[in-house]
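Colleague:
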Amino acid sequence: MRSVPSILHLDMDAFFAAVEQAAKPSLRGKPVIVGGLGGRGVVSTASYEARKFGVHSAMPMAQARRLCPNAAFLTGRFEAYRQVSELVMGLLGELSPLVEPLSLDEAFVDLEAGPYGELLAAAGPGGAPELIVAIAADLRADITERTGLTASVGLATSKLMAKIASEQAKPDGLVLVEAGRERAVLSPMPVRALPGVGPATEQALKRVGLGRVADLTAAGEAELVQLLGRSHGLGLFHMSTGQDERPVVADRDAKSVSVEDTFEVDLLDRGRVLREIDVLTARCVRRLHASGRSGRTVVLKVRRFDFSTLTRSETLRAPTDDESVIAETARRLALQVDITGGVRLLGVGVSQLADFTQEDLFAQAEQAERAERAAVEEAEEAPAEPEQPVEEGRHWRPGQDVTHALLGPGWVQGSGVGRVTVRFETPQSEIGRVRTFAVEDPELAPSRPQPLRPGMVLPDEEE
């Protein structure tokens, strides 16, 4: 264990919702809920204004609407979130080469490995905490200045305690747990505060009277091993005493890239299932391209009407990021699945990721065969059902960035019955006016996110 609290855990506050509020002046100070807006959608992030009504992440969207009917319900704008995330991660990278991202809005940083390492060593256990707090305060100020958003920071001698400290700091705060105070901080906490303690483990512990972290320490290693098994029991005992020697690992690599959709109405037609697989594949491939990766294994996930979930996979001969190859493979996997009764969720993913794409003669042959088949069908004037029934961009989604040829940039408030309502405002403008257009209005088009701050440099546009 370290003698100084030099591990930093940063967690952006209500990140997705906060980005939406920063981007949309009319939503500042109001409840905002981001997630899937369909009947089976779930909440991804709720602003703190919405949390006062009991809304939280992973809650069914229908329940969130009942609890907070006057909130702004928006779909996610992941390009905007990625842009802000890259900026924040860049600031963390200035503090240390050891930055371990956990998600777009959360990361660990090892301050001892960075440019402040020598100063921390020279300051020693007595003076280092003051310097560490100053470093973290400057970081939070930089994030707010560059993005307009707030972040909570925890500082401690281990990853476990740093994460717990950042939870205590929320929202918009900073908490430091000095060396030697780990057990004092942990003891009164509920067992659910420890990583790896989910609802099932919590109930198993409570049944034998272990409700607080102090109870776990008092129970001892042997009892926890007997109750939960050697690996889980041993790990839980060590955490209850504040022991955590996990290092901060830079460039924590994603093992897979995947996307999925839950449908408001179960899909019964196999042709519709295949078309949805093509749409999901296109989204998955965009993420592959954005990360500069390719993969060998294509994975199809199908959740049926009775909530049973099936997974099928096929490993290719070489890594690929070719949309047609991945789509063809996913379609082939779908033919192996019985969809009788309906499909409520589909997912397409790629695993065994690589940093390169090997030329695949098989893929080229597949493309040539498809092109030849399409030419024959066209010559015979065979009716072809469109793969995507409506041009992408005409599906206006609440929160989506748009621009109008005359009125400039804005965002979609809602759409339906052939109309789309747009509020014209930008992050730096006053609250904007609302206008309504036909969904096919040629002067209205999707656009990229606006910078949250003047001079904010955006990453290059995705291919």
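Each residue of the sequence shown is one higher than the last, beginning at -17 in the numbering used here.
Virtual Cβ for every residue (Gly too), placed ideally from N, Cα, C.
Indicate the three-state DSSP secondary structure (helix, strand or coil) for residue 115 in the structure shown.
Modeller: Your numbering for residue 115 matches position 133 in the sequence shown. Reduced to three states, the DSSP call for residue 115 is helix.
Colleague: Please classify residue -17: is it buried, with 16 or more other beta-carbons within 10 angstroms of its beta-carbon, or exposed?
Modeller: Within the sequence shown, numbered from 1, the residue matching residue -17 stands at position 1. Residue -17 comes out exposed.
Colleague: Nearest to residue 265 by alpha carbon, out of 297, 254, 138, 243?
Modeller: The sequence position of residue 265 within the sequence shown is 283, counting from 1. When only C-alpha atoms are compared, the closest one is 243.
Colleague: Does DSSP classify residue 78 as helix, strand or coil?
Modeller: For the purposes of this step, residue 78 is identified with residue 96 of the sequence shown, where counting begins at 1. DSSP places residue 78 in the coil class of the three-state scheme, outside both helix and strand.
Colleague: What first and last residue would you give for the beta strand (DSSP E) that runs through residue 181?
Modeller: Locating residue 181 in the sequence shown gives position 199, counting from the first residue. Where residue 181 is concerned, there is no enclosing beta strand (DSSP E), although the alpha helix (DSSP H) around it starts and stops at 181 to 189.
Colleague: First and last residue of the alpha helix (DSSP H) that includes residue 408?
Modeller: As a position in the sequence shown, residue 408 is number 426, starting the count at 1. Where residue 408 is concerned, there is no enclosing alpha helix (DSSP H), given that its DSSP letter is neither H nor E.
Colleague: So what does DSSP say about residue 272, is it helix, strand or coil?
Modeller: Translated into positions along the sequence shown, residue 272 becomes position 290. In the structure shown, residue 272 sits in a helix (DSSP, three-state: H, G or I).
Colleague: Is residue 245 helix, strand or coil when you go by DSSP?
Modeller: The residue given as residue 245 occupies position 263 in the sequence shown. Correct three-state label for residue 245: strand.
Colleague: Only counting the same chain, and skipping five residues up and downstream in sequence, which positions put a Cβ closer than 8 Å to that of residue 237?
Modeller: Locating residue 237 in the sequence shown gives position 255, counting from the first residue. Here the set comprises 333, 335.
Colleague: Specify, as a first and last residue, the run of the alpha helix (DSSP H) that residue 219 falls within.
Modeller: In the sequence shown, counting from the first residue as 1, residue 219 sits at position 237. Taken as a continuous stretch (DSSP letters only), the alpha helix (DSSP H) holding residue 219 covers 212 to 222.
Colleague: Output needed for residue 347: all residues of its chain with C-beta closer than 6 Å, excluding positions within five of it in sequence on either side, in chain order.
Modeller: Residue 347 sits at position 365 when you count from the first residue of the sequence shown. At residue 347, the pLDDT of 45 sits below 50, so the modelled position is not reliable and the matter cannot be decided from this model.
Colleague: Answer yes or no: do residue 302 and residue 276 have a C-beta to C-beta separation smaller than 7 Å?
Modeller: As a first step, residue 302 must be located in the sequence shown, where it is residue number 320. As a first step, residue 276 must be located in the sequence shown, where it is residue number 294. Contact flag set, yes.
Colleague: Spatial neighbours of residue 19 within its chain, please: C-beta separation below 7 Å, excluding the five flanking residues on both sides.
Modeller: Indexing the sequence shown from 1 puts residue 19 at position 37. Closer than 7 Å at Cβ, skipping near neighbours: 43, 55, 57, 380.
Colleague: Going by beta-carbon coordinates alone, are residue 403 and residue 418 separated by less than 7 Å?
Modeller: Position 421 of the sequence shown, counted from the start, is the residue given in the question as residue 403. Position 436 of the sequence shown, counted from the start, is the residue given in the question as residue 418. Residue 403 places its beta carbon less than 7 Å from that of residue 418.
Colleague: Tell me whether the stretch 106 to 122 and the stretch 156 to 164 touch, counting them as touching only if at least three CB pairs, one residue from each stretch, are closer than 8 Å.
Modeller: Yes, since at least three Cβ pairs between the stretch 106 to 122 and the stretch 156 to 164 fall closer than 8 Å, the two stretches touch.
Colleague: Rank 51, 220, -5 by C-alpha distance to the C-alpha of residue 86 and give the top, closest one.
Modeller: Residue numbering aside, residue 86 sits at position 104 when the sequence shown is read from its first letter. Out of 51, 220, -5, -5 has the C-alpha closest to the C-alpha of residue 86.
Colleague: What are the partner residues of residue 136, as DSSP defines its beta bridges?
Modeller: Numbered from 1 along the sequence shown, position 154 holds the residue referred to as residue 136. -9, 157, per the DSSP bridge assignment.
Colleague: Who pairs with residue 328 in a beta bridge, going by DSSP?
Modeller: The residue given as residue 328 occupies position 346 in the sequence shown. 243, 284.
Colleague: Give me the residue from 69, 26, -15 with the minimum Cα distance to residue 125.
Modeller: Your numbering for residue 125 matches position 143 in the sequence shown. Residue 125 has its Cα closest to that of 69, out of 69, 26, -15.
Colleague: I'd like to confirm the pairing. Which residues does DSSP put opposite residue 35 in its beta bridges?
Modeller: In the sequence shown, residue 35 corresponds to position 53, counting from 1. Within the DSSP secondary-structure output, residue 35 pairs in no beta bridge.
Colleague: Using 7 Å as the threshold, is the C-beta distance between residue 260 and residue 316 below it?
Modeller: Along the sequence shown, read from residue 1 onward, the residue named residue 260 stands at position 278. Along the sequence shown, read from residue 1 onward, the residue named residue 316 stands at position 334. It is not a contact, given that the beta carbons lie outside the stated cut-off.
Colleague: For residue 453, I'd like the list of residues in its chain whose CB is within less than 7 Å of its CB, leaving aside the five on either flank, ordered along the chain.
Modeller: The shown model of the chain, from -17 to 445, leaves out residue 453, and the question about it has no answer.
Colleague: Whole angstroms is fine: what's the gap from residue 78's alpha carbon to residue 288's?
Modeller: Within the sequence shown, the letter at position 96 stands for residue 78. Within the sequence shown, the letter at position 306 stands for residue 288. Spanning the two alpha carbons is a distance of roughly 49 Å.
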